[in-house]
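Residue numbers (this note's numbering): 18 to 152.
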């Protein structure tokens, strides 16, 4: 699949899993993501998304897995998203990759694409190498 993130997906208010990884989606993640309250798994990795991660994603309180590595999403992970970890979300198993982003330094000689204080796995955008981090 390719093209902009389908706006129609934001109307799927009862969706639990949204697995869009390994496609060619472009554009940004809308603040309308907050409407997906039942969402517990969101995989957007390996797409051409850009922009920043909206703080409204933190309103998806059932979210247990989030993968945004391999995108061009930049900036800092919003506090609201990191706060999900303090609510005992993102804690299925210490050995399972639960929140992955391009937060590993070394991205082609540059700093990380995204700054994350709550990622469980940090990846290098260019090499696609990932490491589990302790948070």
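Glycine included, every Cβ here is placed at the ideal spot set by N, Cα and C. Quick caveat: nothing in here was measured; it's all calculated off a predicted structure.
Inset, instruction - Could you say which of 143, 97, 33 lies nearest to residue 134 if we only look at CA atoms? - result: 97
Inset, instruction - Would you kindly work out how many angstroms separate the C-alpha atoms of residue 117 and residue 23, rounded to a whole number? - result: 22 angstroms
Legend entry - Cα-Cα separation, residue 88 to residue 61: 8 angstroms
Legend entry - residue 43 - partner residues in DSSP beta bridges: 21, 65
Legend entry - Burial state of residue 138 (16 or more Cβ within 10 Å): buried
Inset, instruction - Report all residues from its chain with a CB closer than 7 angstroms to the CB of residue 75; omit the five preceding and five following residues, and keep chain order. - result: 95, 97, 98, 100, 101
Inset, instruction - Determine the contact status of residue 30 and residue 59, defining contact as a CB-CB distance below 8 angstroms. - result: no
Legend entry - Buried versus exposed, by CB contacts within 10 Å (16 or more), residue 64: buried
Inset, instruction - Report all residues from its chain with a CB closer than 8 angstroms to the CB of residue 41; omit the five preceding and five following residues, and keep chain order. - result: 18, 19, 20, 64, 65
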